Structure formats: C-alpha cells, structure tokens
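Inspection log for the structure reproduced underneath, given as structure tokens.
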Amino acid sequence: MNTARIRYAVESDLPLILSWRNHPSIKKYMYTQHDITMQEHKEWFERCLSQPEDIHLLMFLVNEKSMGFINFSHDKFDVVNWGFYISPDAPKGTGYALGLSAIEFGFKTLKFRKICGQVLSFNERSINFHKKLGFSQEGIFKEQFVNEKNYYDVYHFGLLKQIWAQRNDGN
Numbered sequence: 001m002n003t004a005r006i007r008y009a010v011e012s013d014l015p016l017i018l019s020w021r022n023h024p025s026i027k028k029y030m031y032t033q034h035d036i037t038m039q040e041h042k043e044w045f046e047r048c049l050s051q052p053e054d055i056h057l058l059m060f061l062v063n064e065k066s067m068g069f070i071n072f073s074h075d076k077f078d079v080v081n082w083g084f085y086i087s088p089d090a091p092k093g094t095g096y097a098l099g100l101s102a103i104e105f106g107f108k109t110l111k112f113r114k115i116c117g118q119v120l121s122f123n124e125r126s127i128n129f130h131k132k133l134g135f136s137q138e139g140i141f142k143e144q145f146v147n148e149k150n151y152y153d154v155y156h157f158g159l160l161k162q163i164w165a166q167r168n169d170g171n
C-alpha cells in the first residue's frame, strides 16, 4: 500500500524541484517559461523563506520518495493561491493524490479558508484536474498571458473549505 505525506521543502530539495520545473512538459504551462538557473532558483527560495507566514513550499512524498512540489501563497483573509507540479516520470494518479493531499493539508493543517488556482487556457489537463478536485471556475482573465506573440486567457478557480468538507463528508 502506498503512503503519501507532505513536508516542508528544504534547500537540499532545490536541485530536484528545479529539474522538474525546467522540464519541457512542466515549463510550457508556467508563466515564466525560460530555463531557470540554479542561482535564480536559490534566490527565489530565499525570498520565500523570508515570508514564512505568507508562502508555504511543500514536497509531496509517496513511500518517502519525493514525487511533487506544492506552493501556497497567501493572498488575504486566509485565501491562498496554489501552484504545483509532479515529477515528469511519476506514475499515473500521482497528480490527483498530490491534489487531495495538498488540499487536506491546506485546509486542516494550515487552516486556509479558500484555495485558488490560475490555469492557462491551453492547459486542458489542469483545467479538468481542478474541476475533478471540486474547484469552481470563478472567472476568466481574457488575454492575460502572452507567449511568443500569442495571447491566452487565464482561468481562475477557487475551492472553499466548507465546500470541500461537504464534498468529503465533513472529514
């Protein structure tokens, strides 16, 4: 039986996180699409660590093997924005398991009231992923993202803690 858990990311995780982040299958769905250098990555990590109340960088582990990364950033009023990615070679179903675990961790451990996500309009897999997890599409930012002179919409999703609790029998 697989056991999944979440822990805070540490500096020794950075090479692995960066390798995932720069992988073509992940990078193409990110706002920043250039190859990030280790120096940029370390500076970003240090900025995040300097805001422990506002930014939570997390690792998703399956059977104690790192399989994904989650970033929760506070907006206001116990509302956070999330971002995430999984190892490009992760087995099927890992992303959904990460989503369930991250949402539970966010609502139960970190006491968030709402989790929000933004998805580029051409990332149909992530759009469907958010819907499968129970997120509601709350808006569309028209032509909010540009890549190589093409403009794309950004879909805004939200999930309230009480909706999640109702959907999951109040657990």
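All residue numbers for the sequence shown refer to the UniProt record's numbering, where the first residue is 1 and numbers rise by one. Think of the CB as a built atom: it goes at the ideal place given N, C-alpha and C, for glycine as much as any other residue. These numbers were taken from a predicted model, which means no experiment stands behind them.
When DSSP assignments are scanned along the UniProt domain "N-acetyltransferase" (4-158), the uninterrupted stretches of alpha helix (DSSP H) that are 4 or more residues long and fall wholly within it turn out to be 14-21, 24-27, 38-49, 94-104 and 124-133. Nearest Cα to isoleucine 103 within the set Ser126, Asp75 and Gly134: Gly134.
If you check the CB distance, leucine 61 and arginine 5 come in under 8 Å.
For lysine 131 and glutamine 166, the gap between their C-alpha atoms comes out near 16 Å. With contacts defined as CB atoms closer than 8 Å, arginine 113 and valine 146 fail to qualify as a contacting pair. In this structure, the beta-carbon distance from alanine 90 to glycine 68 falls below 8 Å. In this structure, the CA atom of lysine 142 is about 34 Å from the CA atom of threonine 109. Taking the Cα positions, cysteine 48 is about 23 Å away from lysine 65.
With a cutoff of 8 Å on beta-carbon distance, leucine 120 and tyrosine 152 are scored as near each other.
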